[in-house]
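Residue 267 in numbering that gives the first Met the number 0 sits at position 268 of the sequence shown; the count goes up by one each step and never skips. We treat Cβ as the ideally placed atom computed from N, Cα and C, and that holds for glycine.
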Amino acid sequence: MQSSQVFGKFGWGAMVALLMVMGAQHHASAQGRELSTADRVAMLYAPQLNFTRRGDPLIRLGILEGEEQVEFTPSEPIRVMPQGPGGPEIDLPGDTTYTVTMSNGRAGRYKHWVVVDRVAVDQRERVDGVLGQWEGRGMMPRTFEVGGLFAVRGKVFDSRVILVCVGGADTFDEAQSLRRRLEAQFGINGSVHSERLEFPGGTLTLSGRGLDVSIRHDDVLWVSSRRGREESIRYSVPGIKKSYDAGEETRRYTGELIFASDKNGKVAVINNLGAERVLKGTVPSEIYASAPQGALRAQAIAARNNIFAAIGVRNLADPYMLRADVYDQVYGGIDNEDPRTNEAVDATHGEVMLAGNRIVDAVYSSNAAGFTENNETVWDAEPWPHLRGRPDAPAGDVPEAFKDGITEANIEAFLASDFPAYSKTAPVSSARLYRWTREVEASQAQSWLAERGEDIGRIRHAEVISRGVSGRVIRLRLEGERGEAVVERELNVRRLFGGLRSGLFVMSMEKGRDGFVRTFNFRGGGFGHGVGMCQTGAIGMASQGKTHREILTHYYRGIDVTKLY
Numbered sequence: 000m001q002s003s004q005v006f007g008k009f010g011w012g013a014m015v016a017l018l019m020v021m022g023a024q025h026h027a028s029a030q031g032r033e034l035s036t037a038d039r040v041a042m043l044y045a046p047q048l049n050f051t052r053r054g055d056p057l058i059r060l061g062i063l064e065g066e067e068q069v070e071f072t073p074s075e076p077i078r079v080m081p082q083g084p085g086g087p088e089i090d091l092p093g094d095t096t097y098t099v100t101m102s103n104g105r106a107g108r109y110k111h112w113v114v115v116d117r118v119a120v121d122q123r124e125r126v127d128g129v130l131g132q133w134e135g136r137g138m139m140p141r142t143f144e145v146g147g148l149f150a151v152r153g154k155v156f157d158s159r160v161i162l163v164c165v166g167g168a169d170t171f172d173e174a175q176s177l178r179r180r181l182e183a184q185f186g187i188n189g190s191v192h193s194e195r196l197e198f199p200g201g202t203l204t205l206s207g208r209g210l211d212v213s214i215r216h217d218d219v220l221w222v223s224s225r226r227g228r229e230e231s232i233r234y235s236v237p238g239i240k241k242s243y244d245a246g247e248e249t250r251r252y253t254g255e256l257i258f259a260s261d262k263n264g265k266v267a268v269i270n271n272l273g274a275e276r277v278l279k280g281t282v283p284s285e286i287y288a289s290a291p292q293g294a295l296r297a298q299a300i301a302a303r304n305n306i307f308a309a310i311g312v313r314n315l316a317d318p319y320m321l322r323a324d325v326y327d328q329v330y331g332g333i334d335n336e337d338p339r340t341n342e343a344v345d346a347t348h349g350e351v352m353l354a355g356n357r358i359v360d361a362v363y364s365s366n367a368a369g370f371t372e373n374n375e376t377v378w379d380a381e382p383w384p385h386l387r388g389r390p391d392a393p394a395g396d397v398p399e400a401f402k403d404g405i406t407e408a409n410i411e412a413f414l415a416s417d418f419p420a421y422s423k424t425a426p427v428s429s430a431r432l433y434r435w436t437r438e439v440e441a442s443q444a445q446s447w448l449a450e451r452g453e454d455i456g457r458i459r460h461a462e463v464i465s466r467g468v469s470g471r472v473i474r475l476r477l478e479g480e481r482g483e484a485v486v487e488r489e490l491n492v493r494r495l496f497g498g499l500r501s502g503l504f505v506m507s508m509e510k511g512r513d514g515f516v517r518t519f520n521f522r523g524g525g526f527g528h529g530v531g532m533c534q535t536g537a538i539g540m541a542s543q544g545k546t547h548r549e550i551l552t553h554y555y556r557g558i559d560v561t562k563l564y
């Protein structure tokens with residue numbers, strides 16, 4: 000049901016603008032073109048693209064949620080559109096603090112599923128095998144086909160993917176608990192897919208400090224600048240959560256703000272702005288802004304890929320396309336922008352990586368230690384052709400012994416070798432992570448196993464069962480006084496030992512007189528999972544004069560860098 004109310008006194012300009020737009024809206028209604036509030040709410044959840052005045056795709060970013068009340072201060076006059084673009088408009092002054100409050104909030108209704116695998120639609124013949132695998136593990140999996148075919152300026156890209164899911168929990172916390180268990184047991188790259196059964200909602204009220212005005216509307220409110228000022232206006236929004244529970248801060252945004260209900264019937268604040276402006280506030284959080292332009296441009300394209308690969312795939316039960324935090328990509332607002340990364344975004348405007356017409360998942364890690372890894376060995380997933388492990392150095396400088404991969408037989412030599420890997424020679428501080436050592440108490444591994452229901456007691460012995468093509472450990476067996484445990488996948492192995500920098504290591508054990516392990520000693524290399532682009536290696540390549548296209552085709556097999564818009 001559509002409901003909108005405006006209370007208080009307006010200036011003459013505001014009243015004229017409101018009446019003129021209401022007349023235009025009435026005319027549209029007479030021709031059957033008026034959208035209801037329910038229609039406009041549904042559009043927030045729809046996997047569709049709208050565009051800025053210059054033709055950039057508009058991206059809706061969730062910047063804040065879970066609050067009963069939020070504030071924002073615009074730098075210049077705003078238009079409040081209770082029914083969205085094309086509906087009535089109320090002009091309000093800038094440099095005024097406004098409050099948006101939710102009342103009568105109601106949560107949506109959902110089923111929450113753990114995503115255990117993702118299969119591209121052009122590889123759907125693999126789905127039956129994945130379903131059979133999870134049925135064999137005692138689960139009852141089901142599939143969701145998400146994403147879509149999108150056309151931008153006559154060019155088509157495909158983000159469709161088949162999600163293989165298990166669970167179907169009534170609460171998000173239950174699904175998260177299952178995800179953590181499956182990650183520990185099978186090494187999946189898990190996430191939660193929320194199936195929306197009923198929209199959330201509530202009444203939103205906007206009021207201005209020192210103004211005799213109150214604007215009330217059900218479920219959604221739009222706030223924009225004066226026409227043509229969408230990228231000039233600044234909105235200061237306090238209470239933005241920093242990454243990794245580091246507190247809160249005030250950030251500034253441009254574009255439009257949309258206020259809607261989050262899953263739990265609280266206020267969600269959405270920043271609606273062009274993809275290129277999103278990237279300018281994102282790329283500095285992903286790579287050193289001082290890096291050579293070739294690396295910055297490669298990172299800009301990888302980040303652009305991650306935006307478009309997520310549309311219609313992630314956050315389908317939310318009124319935004321992406322979260323502006325570590326769950327998707329950290330968007331720090333306009334104050335996070337840097338002139339050098341802005342240059343990289345502008346120089347690659349609209350460029351993405353495609354495999355055929357499929358937008359590829361551009362994963363990356365900090366330092367691959369001289370050899371990248373296959374995706375299916377790090378995560379329990381189907382192989383992706385563009386994510387194949389390979390030596391990360393000039394072809395002529397890779398020793399013959401390492402060209403076909405790193406094995407138990409040659410890993411000691413690999414870690415001791417001095418060949419000029421890109422992530423070793425890069426002129427940046429993360430190159431120091433190319434090789435490392437660490438000592439971990441055996442009690443750390445013992446506790447990690449016990450927390451996951453595998454209490455094997457004190458550890459007598461540990462051995463690597465298998466490694467990926469890069470030498471990263473993907474299966475490790477531990478023998479304890481009360482039994483054995485096998486740890487699957489690279490990330491779980493790292494977590495077992497308290498968060499190792501990577502799974503690329505050799506280890507030795509110091510035992511006490513009782514024969515139990517006291518300490519594990521590691522010699523390893525790299526930082527992160529090693530799949531896809533090595534960010535430090537990209538800087539190394541760029542410092543040797545490689546272009547962003549050369550960098551991307553080195554790390555992502557079989558892709559084309561294409562200008563989408």
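Would you report the Cα separation of residue i and residue j, rounded to the nearest angstrom?
{"i": "P393", "j": "H111", "result": "46 Å"}
{"i": "S242", "j": "R512", "result": "45 Å"}
{"i": "L563", "j": "I538", "result": "25 Å"}
{"i": "E75", "j": "S224", "result": "7 Å"}
{"i": "N366", "j": "G128", "result": "33 Å"}
{"i": "A29", "j": "S289", "result": "For A29, the pLDDT reaches just 38, beneath the cut-off of 50, and the residue's location in the model is therefore unreliable, leaving the point undetermined."}
{"i": "E134", "j": "R123", "result": "18 Å"}
{"i": "V516", "j": "F526", "result": "26 Å"}
{"i": "V397", "j": "Y330", "result": "38 Å"}
{"i": "G355", "j": "G207", "result": "51 Å"}
{"i": "E565", "j": "L503", "result": "Because the chain in this structure spans residues 0 to 564, residue 565 falls outside the shown range and cannot be described."}
{"i": "L177", "j": "G137", "result": "13 Å"}
{"i": "L551", "j": "E440", "result": "40 Å"}
{"i": "R471", "j": "F521", "result": "13 Å"}
{"i": "S501", "j": "E144", "result": "33 Å"}
{"i": "D244", "j": "P237", "result": "16 Å"}
{"i": "P283", "j": "N335", "result": "7 Å"}
{"i": "I410", "j": "P426", "result": "25 Å"}
{"i": "L63", "j": "V40", "result": "18 Å"}
{"i": "Y554", "j": "G531", "result": "6 Å"}
{"i": "S190", "j": "A297", "result": "26 Å"}
{"i": "Q47", "j": "T96", "result": "32 Å"}
{"i": "H26", "j": "G85", "result": "Bear in mind that the predicted position of H26 carries a pLDDT of just 36, short of 50, making it too unreliable to give a figure here."}
{"i": "G22", "j": "G83", "result": "Its pLDDT being 36, under 50, G22 is placed unreliably by the model, and the measurement read from it follows with that caveat. C-alpha separation (whole angstroms): 15 Å."}
{"i": "S416", "j": "A444", "result": "29 Å"}
{"i": "I286", "j": "S213", "result": "44 Å"}
{"i": "R322", "j": "A316", "result": "12 Å"}
{"i": "I464", "j": "R52", "result": "57 Å"}
Give the DSSP-derived three-state secondary structure of residue i in the structure shown.
{"i": "H26", "result": "In this prediction, H26 has a pLDDT of 36, which is less than 50 and means its spatial position is unreliable; nothing more can be read from the coordinates."}
{"i": "W133", "result": "helix"}
{"i": "M21", "result": "Any answer about M21 is weak, because its pLDDT of 36 lies below 50 and its placement is not dependable; what the coordinates show is given next. It is helical."}
{"i": "L563", "result": "coil"}
{"i": "A425", "result": "coil"}
{"i": "E549", "result": "helix"}
{"i": "V282", "result": "helix"}
{"i": "I257", "result": "strand"}
{"i": "M139", "result": "coil"}
{"i": "N519", "result": "It is worth fixing the name first, because residue 519 is Phe in this sequence and not Asn. If DSSP states are grouped into helix, strand and coil, F519 belongs with the strands."}
{"i": "Y554", "result": "helix"}
{"i": "L57", "result": "strand"}
{"i": "R459", "result": "strand"}
{"i": "R303", "result": "helix"}
With residue i and residue j assumed to form a contact (beta carbons below 8 Å), what rounded beta-carbon distance in angstroms separates them?
{"i": "R303", "j": "V351", "result": "6 Å"}
{"i": "V165", "j": "E381", "result": "The pair is not a contact, with the Cβ atoms about 16 Å apart (cut-off 8 Å)."}
{"i": "S235", "j": "T98", "result": "No, S235 and T98 are not in contact; Cβ-Cβ is about 13 Å, not under 8 Å."}
{"i": "L295", "j": "T340", "result": "6 Å"}
{"i": "I269", "j": "G61", "result": "6 Å"}
{"i": "N314", "j": "G65", "result": "Actually they do not touch by this definition, with Cβ atoms about 15 Å apart."}
{"i": "A483", "j": "L477", "result": "According to the sequence shown, residue 483 is Glu rather than Ala. So it is a contact: roughly 7 Å between Cβ atoms."}
With C-beta atoms as the reference, is residue i less than 8 Å away from residue j?
{"i": "E372", "j": "G529", "result": "yes"}
{"i": "G388", "j": "R459", "result": "no"}
{"i": "F307", "j": "F413", "result": "no"}
{"i": "A259", "j": "L43", "result": "yes"}
{"i": "D337", "j": "G369", "result": "no"}
{"i": "L220", "j": "P81", "result": "yes"}
{"i": "E375", "j": "G186", "result": "no"}
Closer than 8 Å, CB to CB, is residue i near chain B or not?
{"i": "G311", "result": "Given the protein chain composition of this structure (a single chain), no chain B is represented."}
For the stretch 63-89, which segments carrying the beta strand (DSSP E) assignment without a break, of at least 3 residues, lie completely within its bounds, in sequence order?
68-73, 77-80
Taking only runs of the beta strand (DSSP E) that begin and end inside the stretch 146-219, which ones reach a length of at least 3 residues, in chain order?
148-151, 154-157, 160-168, 190-197, 200-207, 212-217
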